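Protein chains in written order, with this note's numbering: chain G, 1040 to 1281; chain F, 1040 to 1281. Using N, Cα and C, we set each Cβ at its ideal position, and we do this for glycine too. As the structure is a prediction and not an experimental result, all values here were calculated from the model. Reading through the structure tokens given below for one structure.
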């Protein structure tokens, strides 16, 4: 259920809450198939979210029941794609998600072979023919004209069990670049994010924004580590409003 | 279940997530009895959280199942007290919560008579003799020695369906005053908050902190509205670590 205290000023569920529920659904699905984070941690492996796109025709309203279906669409040596469908109790679709994941060695932080787990068992779970009728993520193109918006500190509540900034916290901080007056007049239709580097507590995070079309904005996030001068790109987002 | 992406770096559920689940439980419980937020909104009334204290012997770990029990301990004309018990699937208690609520007129923002709803029906739901073995909230005493820690902007994601800062967001921002190095060595045992005024998007929120005993800190939150010079107190917290 879209519980009231997970909803925004308009009574619609926060995209951040939906995003975390998608990540939870992905973990439950992979845990049931022997690929969950808890097992992977025990063999010094971890899933790392590389890209996420969420496109919603509508967000669940408070007290509405919704379900998240997830499946693996494809897998290669270093990447796998996982899709999501969010629907209500009557099967009406609210929207879809697409995600790309890498598997890393938690000591070297380098990509590792997904097919090395349980003799390539992931192939057994691939559902290639189930439709996910939203566009795949594409490269977010930005110019040097993107304007600096703000800089924030990364704190305790930004960090998840992986020890770095929670994938969805980036999304929340980006959505915070617009104010409620904007959200009263614009509905977020699509959010797309490509992760480049990890951010840790104590880093400072800067936001650069550029309008790329009518109702379309791109945002570049950079981090500055403590004691460092140079900012490093950590992710890029594209938002489409309607 | 304490879902993995609702857990902090240590794999324990975020207090903020538990707090919102308590508020959701309170709403479900009162909705079932004809006192829910949705109904109250229709008659221009709303519950306003006045005080909240949460005291945990342990926080649920990732994948652990927990339940939140809630009941009304007492009611008066302008205030009602509601308690919480958080336990695991075997009935082992993680901790307790105590809360005090007022009912306001959403137009005048003034307190209204709780007994005016459905001929004092709240009396039917009072469970006076169920134990809640944690201390009641007391006045948080602070001196002028409290030191300024930081100031933040209030953004879209801070605001809930009531149109002002979500009660639990204050808690999250206060917990962010300590860093992960601190949380590695200290467990938060008790968090107590007394709400004084509402904060809105666009306000700036300042934090003043004072150590009041060994492992005990008090925090005063103030807001500065756009265009205003003067800061106004919005809430006070007391944190006890162990």
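For this session: Name, in chain order, the residues that DSSP records as bridge partners for residue 1094 of chain F.
Result: For the purposes of this step, residue 1094 of chain F is taken as the residue at position 55 of the second chain. Answer by DSSP bridge pairing, in chain order: F:1135, F:1229.
Exercise. Beta-carbon separation of residue 1140 of chain F and residue 1089 of chain F under 8 Å?
Worked result: Your numbering for residue 1140 of chain F matches position 101 in the second chain. Your numbering for residue 1089 of chain F matches position 50 in the second chain. Contact: yes.
Problem set entry | For residue 1118 of chain F, the three-state DSSP class (helix, strand or coil) | For the purposes of this step, residue 1118 of chain F is identified with residue 79 of the second chain, where counting begins at 1. Strand, per DSSP.
Exercise. Alpha carbon to alpha carbon, what distance is there between residue 1047 of chain G and residue 1062 of chain G?
Worked result: Within the first chain, numbered from 1, the residue matching residue 1062 of chain G stands at position 23. Within the first chain, numbered from 1, the residue matching residue 1047 of chain G stands at position 8. Roughly 20 Å separates the two Cα atoms.
For this session: Could you tell me whether the segment 1179–1188 of chain G touches the segment 1196–1206 of chain F, using the rule of 3 or more Cβ pairs below 8 Å?
Result: no
Exercise. Do residue 1249 of chain F and residue 1159 of chain F have their CB atoms nearer than 8 Å?
Worked result: Counting from 1 along the second chain, the entry for residue 1249 of chain F is found at position 210. Counting from 1 along the second chain, the entry for residue 1159 of chain F is found at position 120. For residue 1249 of chain F and residue 1159 of chain F, no; Cβs fall outside 8 Å.
For this session: Return the chain-ordered list of same chain residues with a C-beta closer than 8 Å to the C-beta of residue 1219 of chain F, the five sequence neighbours on each side being excluded.
Result: Residue 1219 of chain F sits at position 180 when you count from the first residue of the second chain. Apart from sequence neighbours up to five positions away, the residues of its chain that approach residue 1219 of chain F with a beta-carbon distance below 8 Å are 1048, ordered along the chain.
For this session: Go through its chain and collect everything with a Cβ distance to residue 1133 of chain F's Cβ below 8 Å, but skip five positions before and after it.
Result: Residue mapping note: residue 1133 of chain F aligns to position 94 of the second chain, counting from 1. So the list reads 1095, 1096, 1097, 1098, 1099, 1105, 1125, 1126, 1127, once near-sequence residues are dropped.
Exercise. With burial defined as no fewer than 16 other Cβ atoms inside 10 Å of the residue's Cβ, what is the status of residue 1208 of chain F: buried or exposed?
Worked result: Position 169 of the second chain, counted from the start, is the residue given in the question as residue 1208 of chain F. Residue 1208 of chain F comes out buried.
Problem set entry | Where the beta strand (DSSP E) containing residue 1192 of chain G begins and where it ends | In the first chain, counting from the first residue as 1, residue 1192 of chain G sits at position 153. Element bounds for residue 1192 of chain G: 1186–1192.
For this session: Write down the C-beta distance between residue 993 of chain G and residue 1240 of chain G rounded to the nearest angstrom, noting that I regard them as a contact closer than 8 Å.
Result: What is shown of chain G runs 1040 to 1281, which leaves residue 993 of chain G out entirely.
For this session: Report the residues of the segment 1190–1201 of chain G with a CB closer than 7 Å to any CB of chain F, ordered along the chain.
Result: 1194, 1195, 1196, 1198, 1199, 1200
Exercise. In three-state terms, what does DSSP make of residue 1071 of chain F?
Worked result: Looking up residue 1071 of chain F in the second chain gives position 32. Helix.
Exercise. If you follow the beta strand (DSSP E) that residue 1260 of chain F is part of, which residue opens it and which one closes it?
Worked result: Reading the second chain from its first residue, position 221 is the one you call residue 1260 of chain F. Start and end: 1255–1263.
For this session: Determine the direct distance from the alpha carbon of residue 1146 of chain F to that of residue 1091 of chain G, and round the result to whole angstroms.
Result: Residue mapping note: residue 1091 of chain G aligns to position 52 of the first chain, counting from 1. Residue mapping note: residue 1146 of chain F aligns to position 107 of the second chain, counting from 1. Cα-Cα distance, rounded: 41 Å.
For this session: Kindly identify the DSSP beta-bridge partner or partners of residue 1244 of chain G.
Result: Taking the first chain and counting its residues from 1, one reaches residue 1244 of chain G at position 205. G:1191, G:1262, per the DSSP bridge assignment.
Problem set entry | Three-way DSSP call (helix, strand, coil) for residue 1277 of chain G in this model | To locate residue 1277 of chain G, count along the first chain from 1; it is residue 238. It is a strand residue.
Problem set entry | Extent of the continuous alpha helix (DSSP H) to which residue 1209 of chain F belongs | Against the second chain, residue 1209 of chain F aligns to sequence position 170. Start and end: 1206–1214.
For this session: List the whole-angstrom C-beta distance separating residue 1173 of chain G from residue 1135 of chain G, where the pair is believed to meet the contact cut-off of C-beta under 8 Å.
Result: Taking the first residue of the first chain as 1, we reach residue 1173 of chain G at position 134. Taking the first residue of the first chain as 1, we reach residue 1135 of chain G at position 96. Contact holds; Cβ gap of about 5 Å.
Problem set entry | N- and C-terminal bounds of the alpha helix (DSSP H) containing residue 1219 of chain F | Taking the second chain and counting its residues from 1, the one referred to as residue 1219 of chain F is at position 180. Here the alpha helix (DSSP H) through residue 1219 of chain F covers 1219–1224.
Exercise. Which residue from G:1168, G:1177, G:1266, G:1215 puts its Cα closest to that of residue 1191 of chain G?
Worked result: Translated into the one-based positions of the first chain, residue 1191 of chain G becomes position 152. When each option's Cα is compared against that of residue 1191 of chain G, the closest is G:1215.
Problem set entry | Within chain F, the residues that residue 1162 of chain G reaches when beta carbons sit closer than 8 Å | Taking the first chain and counting its residues from 1, the one referred to as residue 1162 of chain G is at position 123. Residues of chain F passing the Cβ test: none, with the nearest at roughly 25 Å.
Exercise. Where does the unbroken alpha helix (DSSP H) through residue 1040 of chain F begin, and where does it stop?
Worked result: To locate residue 1040 of chain F, count along the second chain from 1; it is residue 1. No alpha helix (DSSP H) contains residue 1040 of chain F, which DSSP labels as neither H nor E.
For this session: With 7 Å as the limit, tell me which residues of the segment 1062–1076 of chain G have their beta carbon closer than that to any beta carbon of chain F; keep them in chain order.
Result: 1062, 1063, 1066, 1076
Exercise. Looking only at its own chain, which residues have a Cβ that is under 7 Å from the Cβ of residue 1144 of chain G, when we skip the five neighbours before and after it?
Worked result: Locating residue 1144 of chain G in the first chain gives position 105, counting from the first residue. Same-chain partners within the cutoff: 1083, 1084, 1151.
Exercise. Is any beta-carbon of chain F found at less than 8 Å from that of residue 1101 of chain G?
Worked result: Locating residue 1101 of chain G in the first chain gives position 62, where the first residue counts as 1. Chain F, which has a Cβ nearer than 8 Å to the Cβ of residue 1101 of chain G, makes this yes.
Exercise. Is the beta carbon of residue 1221 of chain F sitting closer than 8 Å to the one on residue 1169 of chain F?
Worked result: Within the second chain, the letter at position 182 stands for residue 1221 of chain F. Within the second chain, the letter at position 130 stands for residue 1169 of chain F. No, they are not a contact pair.
Problem set entry | residue 1265 of chain F versus F:1238, F:1274, F:1142, F:1255, residue with shortest Cα-Cα distance | Walking along the second chain from the start, residue 1265 of chain F turns up at place 226. If we check each option's Cα against that of residue 1265 of chain F, F:1238 comes out closest.
Problem set entry | Own chain partners of residue 1255 of chain G with C-beta closer than 8 Å, once the 5 adjacent residues on each side are dropped | Residue mapping note: residue 1255 of chain G aligns to position 216 of the first chain, counting from 1. 1277, 1278, 1279, 1280.
For this session: Note down, in chain order, every chain F residue with its Cβ under 9 Å from the Cβ of residue 1215 of chain G.
Result: Counting from 1 along the first chain, the entry for residue 1215 of chain G is found at position 176. Within 9 Å Cβ-Cβ: 1192, 1194, 1195, 1196, 1197.
Exercise. Can you round the beta-carbon distance between residue 1103 of chain F and residue 1041 of chain F to whole angstroms, since I take them to be within the 8 Å contact cut?
Worked result: Indexing the second chain from 1 puts residue 1103 of chain F at position 64. Indexing the second chain from 1 puts residue 1041 of chain F at position 2. Rounded, the Cβ-Cβ distance is 5 Å, consistent with contact.
Exercise. Do residue 1162 of chain F and residue 1114 of chain F have their CB atoms nearer than 8 Å?
Worked result: On the second chain, residue 1162 of chain F is found 123 positions in, with the first residue counted as 1. On the second chain, residue 1114 of chain F is found 75 positions in, with the first residue counted as 1. For residue 1162 of chain F and residue 1114 of chain F, yes; Cβs fall inside 8 Å.
Exercise. Hey, does residue 1219 of chain G have any beta-carbon neighbour from chain F nearer than 8 Å?
Worked result: By 1-based counting over the first chain, the position of residue 1219 of chain G is 180. For residue 1219 of chain G, at least one C-beta of chain F is nearer than 8 Å to its own C-beta.
Exercise. Can you list, in chain order, the residues of the segment 1114–1139 of chain F whose Cβ is nearer than 9 Å to any Cβ on chain G?
Worked result: Going along the segment 1114–1139 of chain F in chain order, one finds no residue with a Cβ nearer than 9 Å to chain G.
Exercise. For a contact meaning CB atoms closer than 9 Å, what does residue 1055 of chain F contact in chain G?
Worked result: Numbered from 1 along the second chain, position 16 holds the residue referred to as residue 1055 of chain F. Per Cβ cutoff of 9 Å: 1196.
Problem set entry | 8 Å Cβ cutoff met for residue 1078 of chain F and residue 1116 of chain F | Here residue 1078 of chain F refers to the residue found at position 39 when the second chain is read from its first residue. Here residue 1116 of chain F refers to the residue found at position 77 when the second chain is read from its first residue. No, they are not a contact pair.
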